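Right, one structure below, let's go through it.
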Amino acid sequence: MKKEKATKFYKSEEVAKKWYVIDAKDKTLGRMATKIARIIRGKDKPVFTPNMDTGDFVIVLNADQVRVTGKRSSLKEYYHYSGYPGGLKIKSFRELMDKKPEYVVEQAVRGMLPKTRLGNKLIKKLKVYRGTEHPHVAQKPEILN
Numbered sequence: 001m002k003k004e005k006a007t008k009f010y011k012s013e014e015v016a017k018k019w020y021v022i023d024a025k026d027k028t029l030g031r032m033a034t035k036i037a038r039i040i041r042g043k044d045k046p047v048f049t050p051n052m053d054t055g056d057f058v059i060v061l062n063a064d065q066v067r068v069t070g071k072r073s074s075l076k077e078y079y080h081y082s083g084y085p086g087g088l089k090i091k092s093f094r095e096l097m098d099k100k101p102e103y104v105v106e107q108a109v110r111g112m113l114p115k116t117r118l119g120n121k122l123i124k125k126l127k128v129y130r131g132t133e134h135p136h137v138a139q140k141p142e143i144l145n
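Numbering of the sequence shown is given in the working numbering, commencing with residue 1 and proceeding in unit increments.
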């Protein structure tokens with residue numbers, strides 16, 4: 001096979017990783033999560049390789065000010081099952097937004113990533129914070145709209 005016709009597959013170490021900041025204030029949860037998942041997965045890069053981690057890091061600020069459309073804030077529920085009889089815990093969207101808004105954003109993005117070991121590795125590239133402060137200033141993150 002000629003070398004110029006071979007498709008180049010990049011390793012995770014060969015791809016430069018960037019850091020991005022997204023302000024979640026007044027953004028729709030699902031639309032924002034879609035953009036974040038694309039960046040974390042690396043689909044916006046020409047060096048995208050489906051089975052490798054070629055994506056960038058994302059910092060989400062103001063997770064407590066994200067919004068949902070329609071009646072979703074009163075209808076959406078999050079389930080957690082311990083595996084034991086009677087171990088199903090159900091929490092509403094509003095309840096979680098009051099206690100752990102970071103969890104809501106993480107779960108929205110996690111649902112859009114692969115359900116494999118690669119997905120578990122990729123979700124660690126998402127950093128979600130309740131306020132406007134974050135400890136990743138040294139990485140010089142780029143601001144995204």
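Glycine is no exception: its CB is placed at the ideal position from the N, C-alpha and C atoms.
Keep in mind the model is a prediction, meaning the values are calculated, not measured.
Sequence-distant residues of its chain with Cβ nearer than 6 Å to residue i (five each side left out)
{"i": "R41", "result": "G55"}
{"i": "I143", "result": "V21"}
Own chain residues within Cβ distance below 8 Å of residue i, not counting five before or after
{"i": "L96", "result": "Y78, Y103, V104"}
{"i": "T34", "result": "M112"}
Residue i - containing alpha helix (DSSP H), residue span
{"i": "Y81", "result": "Careful: Y81 lies outside any alpha helix (DSSP H), inside the beta strand (DSSP E) at 77–81."}
{"i": "G30", "result": "29–41"}
Own chain partners of residue i with C-beta closer than 7 Å, once the 5 adjacent residues on each side are dropped
{"i": "K11", "result": "M52"}
{"i": "Q65", "result": "A24, K25, D26"}
{"i": "P141", "result": "W19, Y20, V21, I59"}
{"i": "I90", "result": "E77, Y79"}
{"i": "T69", "result": "T28"}
Residue i - partner residues in DSSP beta bridges
{"i": "D26", "result": "Note: D26 sits in no beta bridge, so no partner."}
Inter-residue CB distance, residue i and residue j (contact presumed, cutoff 8 Å)
{"i": "I36", "j": "V109", "result": "5 Å"}
Residue ranges of each beta strand (DSSP E) run of no fewer than 3 residues wholly in the stretch 44–108, ordered along the chain? 57–61, 77–81, 88–92
Would you mind listing the beta strand (DSSP E) stretches within the stretch 104–140 that are 3+ residues and don't spill past its ends, in chain order? 126–128
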